[in-house]
Amino acid sequence: MPAVSKGDGMRGLAVFISDIRNCKSKEAEIKRINKELANIRSKFKGDKALDGYSKKKYVCKLLFIFLLGHDIDFGHMEAVNLLSSNKYTEKQIGYLFISVLVNSNSELIRLINNAIKNDLASRNPTFMCLALHCIANVGSREMGEAFAADIPRILVAGDSMDSVKQSAALCLLRLYKASPDLVPMGEWTARVVHLLNDQHMGVVTAAVSLITCLCKKNPDDFKTCISLAVSRLSRIVSSASTDLQDYTYYFVPAPWLSVKLLRLLQCYPPPEDAAVKGRLVECLETVLNKAQEPPKSKKVQHSNAKNAILFETISLIIHYDSEPNLLVRACNQLGQFLQHRETNLRYLALESMCTLASSEFSHEAVKTHIDTVINALKTERDVSVRQRAADLLYAMCDRSNAKQIVSEMLRYLETADYAIREEIVLKVAILAEKYAVDYSWYVDTILNLIRIAGDYVSEEVWYRVLQIVTNRDDVQGYAAKTVFEALQAPACHENMVKVGGYILGEFGNLIAGDPRSSPPVQFSLLHSKFHLCSVATRALLLSTYIKFINLFPETKATIQGVLRAGSQLRNADVELQQRAVEYLTLSSVASTDVLATVLEEMPPFPERESSILAKLKRKKGPGAASALDDGRRDASSNDINGGVEPTPSTVSTPSPSADLLGLRAAPPPAAPQAPAGAGNLLVDVSSDGPVAQPGLGPTPEEAFLSELEPPAPESPMALLADPAPAADPGPEDFGSPIPEADELLNKFVCKNNGVLFENQLLQIGVKSEFRQNLGRMYLFYGNKTSVQFQSFTPTVVHPGDLQTHILLAWPSPLAPGLPSWDEMDPGRDPSSALLPESLSVPATLTVFVLDHIIEHRGHSVQFADEAEGGQRPLSHARYGGAPQSLTLKLPVTINKFFQPTEMAAQDFFQRWKQLSLPQQEAQKIFKATHPMDAEVTKAKLLGFGSALLDNVDPNPENFVGAGIIQTKALQVGCLLRLEPNAQAQMYRLTLRTSKEPVSRHLCELLAQQF
Amino acid sequence: MQVALAHKPKMHSFLEWRDLKVVYKRYANLYFCCTIEGQDNELMTLELIHRYVELLDKSFGNVCELDIIFNFEKGYFILDEFLMGGDIKKSVLRATEQADLLQEEDESPCSVLEEMGLA
């Protein structure tokens, strides 16, 4: 017979429980339960009133059934009735049922709250405690609303019993954690602090918990607790092991209270009062000393309690981070634990030491334990302990031990648990980069990573190695050689193929001299992997191949053969097909020079926060990030550029649009007579532009080119005072902008919409929007006259080499097949398009910025307003019989591609310092041309595109801003500072960016605005 | 839970679970688990479990799992008396009033604490 309690035990319940236990099957159990439920239901519904004992018994049975996992849908009312019983055991069962089973939105809640209120007011301490327990156990918002105001009163009331105070403190803590807004702060808070002096240790323990939680939100209100806590702690620590009688736990005096006091002190900085601080340091030393004493008991409870206090003490020492002596002692103590036979202690010591490693005082001391930690990594049986060891190795790593740690971690990786491999890979990659003295070691390490754990090498890792190799000339040859060797392994990971493909495509020429790695060998090695790879990798390899055609002309025939193969040209995957088609065409139509330009080596990547570090932070969550990113780390990362991961296409290969752009840069030999400038009148054929129309075969562009074949113009008269184009109106020279163009343009530096140009005939309005490296511009042409303009022909031209930096896509009204102009005037030849009188017509223009070196100012647009039909030269228009032409600059300035960046003062200054090279800064001192109004200036700076940072500059008169310029190829972080001098009516403007021309250019642009 | 069951006696008693830690201890066939937050003290939590088991033991006499099954409500009462809102309330070994009324003769198959050398 199993144990059945006598006394007030409930025999019926015990019988029921043993029946259930004797059930042979699930079905039998359910049957028994249903029988019991029916029985209870009938009892509750019966005419005869049940006595308290029966009610208690049945409610208890229901509770048991619920705990077995069955739904209970009745009996709540009976449980609530039990609450108002005067018998303790009945009340207790009632409360238990309520705590376990009643959810907060029950309609019974009013009755329950009423019963609780009665008990709280009963002045019977046991009943009060039961009620407080129920509130704490349920802890719902409704409970909070009903009682949060009463409990503080009970807590500080002079006549409350100790046990009630204790319960009240913990109950309040629970409510505060659940809904802080419901707990009213008031004069009681001051009195709570004084509970730390209470004679009853239980009250003190409860009060410490409450204060620790409350002081996190209002540290100042509870500041007085520091000295009280220190003196309390000091009394406990110095007491003999038996002084505290009941509160001594296995010869350790009040361990719970000690731990809590130490935890409370960690909410505050070290005490300012020297006496308090002295006393505290004494306590901490005593704890450290006690750790060396022989244990007073062999029981694990004794050592656990003692060590719990010790670990909490060490946490406090680390938190203060100001006592070198204590820090080193703490470190030595943890060092002992690293070899302790208790796994728990080893685990905790590794964890604790990890935080210790980031303190400058103890970093060296931590490093002395490297061998033990490495050993732990190899021999610990628990994965979480090994993980702590790996964390600690990462934290203690610096230049002196990086090679050892990285090689140990690599070795560990081979056998590491799958769960933590990715993290180890990230850590190795970060350490290898951060502490690399020579980059060949770095390259070796990363390639090893891919070899050992290729599946766990995320994109970020292999992007990063490519960024670094691209940016560092000294390692490129070595990287090419190593990756070539690695690829020779019969089975190599796809990530290796990616890295290999990219590096050989860029730098394969550096090893081509060696006959063992001659161009054909390189190609066939890469191509041997091709068929086993995923689409993304194959796409990357195709880009490598086209790069090979440029690097090694001798491979051209072979590669063209590969590209021409049906498996490429007709590949089911659009990306692969497009690449094959475009690369094949490119390789056959472009001259060597063009190829060399298009397929030039990738420019260095901008410095940015390591993408791997960002990933590790994400993986670890915000808490761990701070530990990883401690103060000792090199401040080399430039966050202003960071955060945005490069997309595979920007990293791995010039995207198709860039390729096509290069094609345009010089006209294909097939059409030598086509004017260079005409190539700019393009309809974008790239695949990724917003207005893109992937076009194969004769593109609209070509059609357009042919349309532009220039017949000799009649001598037209320019409408505006710029006779030059009129005199020589060849299509290559659309005329220089009107003299006011620059001035007109200036209006648009800080705004996006407005009237670009207006005279008595024509008004041109602009509306534009910019996002990242893309812009869209709407131009509105308004005919102000009462007659039609004939052959109204707007065009866009790029002077000089602008087209390598900016790409303008113009769904030109002249391009065949585009409806906008034809619709206006159906049936007409587009060449004789008319602009009706008094009508505005919109046209859309899309801008891509490819590169940061945009000298937009040289960029111009022409609108040829032509009257009297079809004279082809675009730069002329006739009005009243005379052709008129007008050339303007489009308001696209580099600042349009600003993305505002918010940052704290500290970050701003750190980045400002990082950009301290003379060429990164541009400065201008100039006289104000407009009234110096702070609000206007603010608006202009915001319009300029940067974020305005408040509270950064110590002088509130000054303006400080930050932003990122987004172009296709890269991002440039920009910081700016404007210092007005109202007395002198002068400004000083300083720009710092990572690219010299950008600083200069922005500075010039902005200086003209004030 | 599965992980805790798979753990061998020599292994450590803290499991990381999302942002939390599970501290567990095994007494014969009974596992006691506590979920704590990152900053809570792990060792003290272990002792919390132990103290609870001691309280059970004191209340039931050599406690075993059947005691806890048949007197599940008392298990709750003792826990309530001992902990409140996840915080320790009474660290003093003192049986609850009701528990004092119970003196059960115990013929249970195993005496958990005895097995642990703690009785």
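If you read the sequences in order, they're chains A and X.
Per the working numbering, the first sequence starts with residue 1, numbered consecutively.
Per the working numbering, the second sequence starts with residue 10001, numbered consecutively.
Ideal placement from N, C-alpha and C gives every residue a C-beta, glycine not left out.
Mind checking F959/A: buried by the 16 CB within 10 Å criterion, or exposed? buried
Could you check where the beta strand (DSSP E) with L975/A kicks off and where it finishes? Q971 to N981
P900/A lies in the beta strand (DSSP E); which residues open and close that run? F898 to P900
If you run the structure through DSSP and keep just helix, strand and coil, what is W10017/X? strand
F926/A: buried (16+ other C-beta within 10 angstroms of its C-beta) or exposed? exposed
According to DSSP, is P553/A part of a helix, a strand, or is it coil? helix
If we count the other Cβ atoms within 10 Å of its Cβ and call it buried at 16 or more, is Q333/A buried or exposed? buried
Considering just the uninterrupted stretch of the beta strand (DSSP E) at I503/A, what are its terminal residues? Where I503/A is concerned, there is no enclosing beta strand (DSSP E), although the alpha helix (DSSP H) it sits in stretches over E494 to F507.
In this structure, what does DSSP give as the bridge partners for Q966/A? Q971/A
Output the residue ranges of the alpha helix (DSSP H) runs that lie fully inside the region 156-198 of chain A and measure 4 residues or longer, sorted by chain position. 162-178 and 188-194
Where the alpha helix (DSSP H) through A365/A begins and ends: H363 to K367
Coil, strand or helix - S591/A by DSSP: coil
Any beta carbon from chain X within less than 8 Å of P255/A's own beta carbon? yes
For L210/A, I'd like the list of residues in its chain whose CB is within less than 8 Å of its CB, leaving aside the five on either flank, ordered along the chain. A169, L170, L172, L173, Y176 and V192
I need the boundaries of the beta strand (DSSP E) containing Y778/A, first residue and last residue. L774 to N783
Counting only Cβ pairs nearer than 7 Å, list the residues of chain X close to Y268/A. Result: empty, since nearest Cβ-Cβ is about 15 Å, beyond 7 Å.
Apply the 10 Å Cβ neighbour rule to G870/A and answer buried if 16 or more other Cβ atoms are within range, or exposed otherwise. Per-residue confidence for G870/A stands at a pLDDT of 30, beneath the threshold of 50, marking its modelled position as unreliable; the derived number appears in the next sentence. Its Cβ having fewer than 16 others within 10 Å, G870/A is exposed.
Cβ-Cβ distance between E575/A and A614/A below 8 Å: no
N-terminal and C-terminal residue of the beta strand (DSSP E) that V766/A is part of: L762 to R771
Reduced DSSP secondary structure (H/G/I, E/B, other) of G961/A: strand
Under 7 Å Cβ-Cβ, which residues of chain A neighbour S10013/X? N344
Suppose the cutoff is 7 Å on Cβ atoms and the five residues either side in sequence are ignored; what does the same chain contact list for C23/A look like? E29 and R32
What is the DSSP secondary structure of Y10027/X, counted as helix, strand or coil? strand
Please check if any C-beta of chain X sits within less than 8 Å of the C-beta of T379/A. no
Please work out which residues of its chain come closer than 8 Å, Cβ to Cβ, to I98/A, disregarding the five sequence neighbours upstream and downstream, and give them in chain order. A79, V80, L83, I112, C134 and V138
Cβ closer than 7 Å: which chain X residues qualify as neighbours of L67/A? F10072
What does Y10031/X touch in chain A if you count any residue whose Cβ is under 7 Å from its own? By Cβ distance, chain A contributes nothing, its closest Cβ being about 16 Å from Y10031/X, past 7 Å.
Which residues, taken in chain order from the region 10021-10047 of chain X, show a beta carbon closer than 8 Å to some beta carbon of chain A? G10038, Q10039, N10041, E10042, L10043, M10044, L10046 and E10047
Let me check one thing: in DSSP terms, what residues is F926/A bridge-paired to? Y987/A
Around the Cβ of V766/A, are there at least 16 other Cβ atoms within 10 angstroms (buried) or fewer (exposed)? buried
Local Cβ density within 10 Å of V755/A, reported as buried at 16 or more and exposed below that: exposed
I want to know whether the region 509-522 of chain A touches the region 445-464 of chain A - three or more CB-CB distances under 8 Å. no
Closer than 7 Å by C-beta to P125/A: which residues in its own chain qualify, once you throw out the five before and the five after it? Chain order, please. M161, S163 and V164
Sort D159/A, T205/A, L196/A and P152/A by Cα distance to L182/A and report the nearest one. P152/A
For Y249/A, three-class secondary structure by DSSP: strand
Leaving out five residues before and five after F507/A in sequence, what residues of the same chain have Cβ atoms less than 6 Å from its Cβ? Q476 and A480
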